Amino acid sequence: MPRIFDIIEYPDEMRDEIVHRIPEVGPGYFRWGSQLIVRESQAAVFFRDGKALDVFGPGRHVITTANVPLLVETLGRLFDGRSPFTAEVYFVSMREFRDRKWGTPQPIPVQTPGVGLGWLLLKGHGVYSYQVQDPQQFVTQIVGTRGIFRTVDIENDLRSRLLRALTDTLGELRGQYTTVQDILGLLDELSAAVRAKAADEFAAIGLQLKSFVIASLVPSETTAEELRARGLLDPQTYAQLQAADAMREAAQNPSGGAGLTAGVGAGIGLGQYMAQAMQSLQQGSPGSMSNLPPVLTPEEAAQILRVSPQDVIAAIEAGELKARKIGSAYRISREALEKFLRGE
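Under the numbering used here, the first residue of the sequence shown is numbered 4, with each subsequent residue one higher.
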């Protein structure tokens, strides 16, 4: 004979549990007069046949036709009131889950027109807190039939929602704040904006976002390679940066340089960086443009630009780099390459 629940309760503190089902698996057997005990930090959702019938707040409740009228409808008019019936009760923690951690798994791009490479890649972390606002909605939409639902089962999803809101909020800064210092001075405002933006997403699954705090937001080491890999730097600019680095290394530091776009990463604008590189070469140092042949093949241009020949041909066919086609081969004048590097 199945066990009949005369007392339905879940006395656990639910430190890391959001929802606990009674029974954890299978149907529960109850009857009129069974007592439901809901603690101060809980709510209880009464289910039968996969349908939520009622939500009970803190206190001691006796299951009767008066307080669960929908149950009468699901049992049918012929139910005698004495036989056990099947149902489930989901105990939901209504406490606030505080100090939950969030962080950016990948840096978030922020456009900074006219400064450096035109983008900042920001890494951040902080804390947030949430609690269940609508127990019935949360159980129906998120928990389903699971017997135990813990914080770990939902927080990856919550962090994704928060990071989307943070990315959108930072994207709205385009052109308004162009330096790291500008953005770091807005941490409180950004935190409030993200909380407001993410609040609706939390409410849509029965939760309330109580707080969101950005503890740190710092720039990562931004390189042209990383920006190009993320689709944030067009091939022409990338080729110009590579060529500029090659020219600076050849003209100023024959033994090796700091690497691609070191000056740009330090805050020098792209135009200024290119101008400095061209000025260095015009001084007649080894490896300067004056030492190049008047006509180059795509392969030779690729060596200078530090890209593949296919990238050079793509720039030619896109009209970014001028060249003449002889038969099936392209030839590039030294003057055309100089104009390309100057962005003309």
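Cβ coordinates follow ideal geometry from the N, Cα and C atoms, glycine included. Being a predicted model, the structure only gives us computed values, none of them experimental.
- For Ile-316, the secondary structure class from DSSP, reduced to helix, strand or coil, is helix.
- Residue pairing from DSSP leaves Phe-8 without any beta-bridge partner.
- As the crow flies, the alpha-carbon of Leu-212 is around 14 Å from that of Arg-167.
- Around the beta carbon of Val-155, a 10 Å sphere encloses fewer than 16 other beta carbons of the protein chains shown; the residue is thus reported as exposed.
- The distance from the Cβ of Ser-214 to that of Tyr-131 is about 6 Å, consistent with a contact at the 8 Å cut-off.
- Around the Cβ of Ala-47, a 10 Å sphere holds 16 or more other Cβ atoms; the residue is buried.
- DSSP, read as helix, strand or coil, puts Asp-15 in coil.
- Membership of Lys-342 in the alpha helix (DSSP H) is indicated by the continuous run 337 to 345.
- If you check the CB distance, Ala-201 and Leu-176 do not come in under 7 Å.
- Taking the Cβ atoms as the reference, Glu-43 lies roughly 12 Å from Pro-14, outside the contact range of under 8 Å.
- In the structure shown, Leu-308 falls within a helical segment according to DSSP collapsed to helix, strand and coil.
- Taking 7 Å as the cut-off, the Cβ atoms of Gly-129 and Ala-218 count as close.
- Here Glu-27 is near Gly-150, since their CB atoms are less than 7 Å apart.
- Take the alpha-carbon of Val-58 and the one of Asp-160: they are about 25 Å apart.
- By alpha-carbon distance to Lys-126, the top candidate from Ile-111, Gln-139, Phe-33, Pro-30 is Ile-111.
- By the Cβ neighbour-count rule, Ser-37 is buried, with 16 or more other Cβ atoms within 10 Å of its own.
- In the three-state scheme derived from DSSP, where H, G and I count as helix and E and B as strand, Thr-170 is classed as helix.
- Put simply, the backbone Cα of Leu-173 is about 12 Å away from that of Trp-122.
- The closest CA to that of Ala-304, considering only Leu-39, Phe-343, Arg-198, is found on Phe-343.
- Each of Ser-331, Ile-21, Gly-330 was checked against the Cα of Arg-153, and the nearest Cα belongs to Ile-21.
- In the structure shown, Val-155 adopts helical secondary structure according to DSSP, grouped into three states.
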